[in-house]
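What follows is a single structure, written as structure tokens, with notes after it.
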Amino acid sequence: MDTTKPWWKSKTLWGAFVTLVAAALGLAGIDLADTEREALTEMMASLGAALGGLIALVGRISARSRIG
């Protein structure tokens, strides 16, 4: 791997997070089907990307220096 990306763009990370949440829900007596887990992973990855974009925009708007 020669390239890098922000953590919030990692489907592996979001998949691991969803797996942990699904396990916790399973312990609470709520079971998620595989298709629900996949959909939740995709949704969380998209939400992470949107949040990252929002943070970048807010950072640029509130910056005190110009981009050179």
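Going from the sequence shown to the working numbering is simple: count from 1 and add 5. For every residue, glycine included, the Cβ atom is placed at its ideal position computed from N, Cα and C.
Residue i, buried or exposed, once every other Cβ within 10 Å from all chains shown has been counted against 16
i, result
"Trp19", "buried"
"Gly31", "exposed"
"Gly53", "buried"
DSSP state of residue i mapped onto helix, strand, coil
i, result
"Leu45", "helix"
"Lys10", "coil"
"Leu52", "helix"
"Gly58", "helix"
"Ala68", "coil"
For residue i, the nearest candidate out of the options (CA to CA)
i, options, result
"Glu43", "Arg69, Gly53, Ala27, Gly31", "Ala27"
"Phe22", "Ile72, Asp39, Leu45", "Leu45"
"Thr17", "Ser51, Ile35, Asp7", "Ser51"
"Thr24", "Pro11, Gly34, Asp39", "Asp39"
"Trp14", "Ala55, Gly64, Arg65", "In the sequence as displayed, the identity of residue 14 is Lys instead of Trp. Among Ala55, Gly64, Arg65, the Cα nearest to that of Lys14 belongs to Ala55."
Span of the alpha helix (DSSP H) around residue i
i, result
"Gly34", "That residue, Gly34, is in no alpha helix (DSSP H); it is neither H nor E in DSSP."
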